[in-house]
Structures are given as C-alpha cells and as structure tokens.
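Numbering (this note's numbering), first residue to last: 210 to 540.
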C-alpha cells in the first residue's frame, strides 16, 4: 500500500536522505605522488571551490559523497602533520566540515548536518580563527532555526554577533540571523529593527572578499521577506520574494526553488490559491532537479494548505507533481 503523504512528510525526508550516494568521478583522491604538483592546502582549497560550483549545478546529493571522502583524506594528512602545517590542515578540515553540514541540511539529513556543524565549531576554536568561529556559529543558528529550535537559534545568532569582528560582513550575517530568530519567536518589532540594522551595517562593512562576498541588500530584503511570512504578513512577503526572484542570478537554481516555494506559501497565505499552485509547480520542478529538502519541506507545507481547496484551479496538478517527488524521488 502507498505510504500516506503525511507520514512521509513527518519523517523529515530522512528516507530520501539516507539513500546510498555514489562518490562522483571528479572526486579523485589526493596523492602527493600524483600528477598534480599542488601542495595539500592548495589542492583542497581548489577542490572545495570546485565542489561548491558542482553543488550549484548538480545539487547536494551528487557532491556530499565527495565532501565526505575529502574529509577523510584531510583527517589522515592532518594527523600526520605537525606545527603550522597541521594548523592549516585543521582549518581546511573545518571548512569542509561546515560545507558537509550545509549539504546534509539541504538533503534533509538534520542529524548529519548537526554533527558536521558541531565538529566544525569545535575545530574552529582549536584553530583560533575567530572569524571562522563566528561564521559557523551563524550556520548553527540557521540550522537550529530550520530544526524548529527557536530560542537556540536566537542564542547562537547572538553568540555569532558577539564573536564577529565589528564592522565586518560576519557581523551583518549574525544580525540577520538574530532578526530571523526574533521573527520565529513572534517578536515583530525586534525582527524588523534587526533587518534595518543589517542594511545600515552592510553599508559600512569591509569588503575583504573572504566572508559574505555574496551578501548584498537584496539578500537582506529576501531574508526580511521570509521573516514577514513567518510572522504572518504574507502580502508584504509576496512583494519581497518577487523582488528577490527578479534580482537572483540565473545560476542560483536551488535558491530560486526555495524562493519560489516560499512565495507560493505566501500566495496561499493571502488566499490566492491558483497563483500558489502555479508558483508551487515551478518550485516542484526545481526540487526534482536539485533534490533539495529545503524546497521539498516548503512544498510539503504548501501541500497541507492547498489540501483544503482540492478543486481550485491548479491544485490537483500541483499535488500530483508533489506526489511524484515524495513517492518517486530521482535516484
């Protein structure tokens, strides 16, 4: 008998995340005696950059096995190294752990995401790189928010801000996480003030190009729209998400899917069921392409809402498409 859709959604997509994933062909093991003359740090820096690009193109299910493999290689090299070489390898290992946590989160494996991110935070303290620590505290805040741990999300974001250098983009990121934490707790004024502060801080922030190079005012406005939706201000959220989609570069396919799914939920929130179903269909297509649980989770919440109006235009088409994602995920 088919598994009830509510049971699949309640599982947190753990079944989809647990499917064995092959290591992609481009994840060749590092070998000092190989054809590459690059030193270990340079090699892993380049590999990490390639894997991030591959994730944007092919999704986390393709890339995560390669990240796991590289983490194993890094651990072996780091344990053999001494002095500054060991320190540099540990910092690189920390960055790989953080990336693994992000990818695990995106495929819906919250347990693995938490484990990788917690190890990254521990290792960042050992490295003594406070900027890295601040960034990972922000990532832990983001993960806590997605896991429904609202107070933890705000507390971690506050710790990230306390750790981030004043005037840095890391400070802006931490303030955004704080604002989102307030919205999850229903604290509208604190949340909106936080986003206003983030915009002001961004205008003064350094341009070091290392942390938050992707951060701009459009990104902050998008985060603000998400918080408005969380607070129940769906009309304002729809406007914010529309602007975000218009400004989003074409290469950010998965982010487009996340924004579309959230836009669809806000359309449903204002009672525009037909538009919600149509936008949800577009997001569903990207969910199939990327395998992103962040998109699928949002579509699951949309599915619950649209189930109350099953005969409205487009609703049945959306729910059929969503069924295909749940019961017949791409392997």
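Beta carbons are placed, not taken as given, at the ideal position from N, Cα and C, and that holds for glycine. Computed from a predicted structure; not experimentally measured.
Out of the options, which has the shortest C-alpha to C-alpha gap to residue i?
| i | options | result |
| --- | --- | --- |
| residue 438 | 414, 420, 474 and 469 | 474 |
| residue 312 | 290, 276 and 368 | 276 |
| residue 548 | 483, 502 and 490 | For residue 548 there is no data in the structure shown, the boundaries of the chain being 210 and 540. |
| residue 294 | 334, 269, 249 and 399 | 249 |
| residue 314 | 456, 269 and 304 | 269 |
| residue 370 | 393, 346 and 298 | 346 |
| residue 392 | 507, 359 and 497 | 359 |
| residue 506 | 401, 535, 526 and 415 | 535 |
| residue 532 | 494, 337, 446 and 518 | 494 |
| residue 407 | 419, 289, 318 and 425 | 425 |
| residue 421 | 341, 441 and 252 | 341 |
| residue 398 | 440, 410 and 411 | 440 |
| residue 280 | 290, 308, 296 and 508 | 308 |
| residue 267 | 501, 409 and 508 | 501 |
Excluding sequence positions up to five away, which residues of its chain have a Cβ less than 8 angstroms from the Cβ of residue i?
| i | result |
| --- | --- |
| residue 244 | The predicted position of residue 244 is uncertain, since its pLDDT is 36 and thus under 50; a value taken from the coordinates is nonetheless stated next. Excluding sequence neighbours, residue 244 sits near nothing in its chain. |
| residue 265 | 460, 461, 462 and 463 |
| residue 196 | Because the chain here runs from 210 to 540, residue 196 falls outside it and cannot be looked at. |
| residue 254 | 301 |
| residue 518 | 482 and 524 |
| residue 411 | 378, 381, 424, 425, 426 and 429 |
| residue 526 | 486 and 490 |
Ignore the nearest five residues each way along the sequence and tell me which others in residue i's own chain have a CB closer than 7 angstroms to its CB.
| i | result |
| --- | --- |
| residue 367 | 387 |
| residue 477 | 485, 511, 514 and 515 |
| residue 349 | 326, 330 and 365 |
| residue 322 | 310, 313, 314 and 352 |
| residue 332 | 299, 302, 303 and 306 |
| residue 530 | 490 and 493 |
| residue 503 | 315 and 467 |
| residue 446 | 434, 437, 438 and 475 |
| residue 338 | 300 |
| residue 520 | none |
| residue 290 | 298 |
| residue 401 | none |
So residue i and residue j are supposed to be a Cβ contact under 8 angstroms. How far apart are they, rounded?
| i | j | result |
| --- | --- | --- |
| residue 431 | residue 466 | The pair is not a contact, with the Cβ atoms about 14 angstroms apart (cut-off 8 angstroms). |
| residue 435 | residue 471 | 6 angstroms |
| residue 328 | residue 300 | The Cβ separation is near 13 angstroms, so there is no contact. |
| residue 335 | residue 385 | About 27 angstroms; that fails the 8 angstroms criterion. |
| residue 390 | residue 362 | 4 angstroms |
| residue 357 | residue 413 | With a Cβ gap of about 34 angstroms, residue 357 and residue 413 do not count as contacting. |
| residue 272 | residue 263 | 5 angstroms |
Among the residues of its own chain, which have a CB less than 6 angstroms from the CB of residue i, if the five just before and after it don't count?
| i | result |
| --- | --- |
| residue 444 | 479 |
| residue 373 | 343, 379, 380 and 383 |
| residue 469 | 488, 491 and 492 |
| residue 427 | 456 |
| residue 453 | 431 and 468 |
| residue 246 | Caution applies to residue 246, whose pLDDT of 35 falls short of 50 and renders its modelled position unreliable; the value that the coordinates give is listed next. Hits under 6 angstroms: none found. |
4 or more residues per run - each alpha helix (DSSP H) lying fully within the stretch 418–504 = DSSP runs (the alpha helix (DSSP H)) wholly in the stretch 418–504: 426–439, 443–456, 462–478 and 482–499.
Along the chain, which unbroken stretches of the alpha helix (DSSP H) at least 4 residues long are found entirely within the stretch 352–408?
-> For the stretch 352–408, whole alpha helix (DSSP H) runs of length 4 or above, ordered along the chain, are 359–372 and 378–393.
Can you check the stretch 282–328 for any alpha helix (DSSP H) of at least 4 residues that lies completely inside it and give the ranges in chain order?
-> The stretch 282–328 contains, as complete alpha helix (DSSP H) runs of 4+ residues, the segments 292–315 (chain order).
Pick out the complete alpha helix (DSSP H) segments inside the stretch 246–283, 4 residues or longer, and give them in chain order.
-> The alpha helix (DSSP H) runs of length 4 or more contained entirely in the stretch 246–283 are, from start to end of the chain, 249–267.
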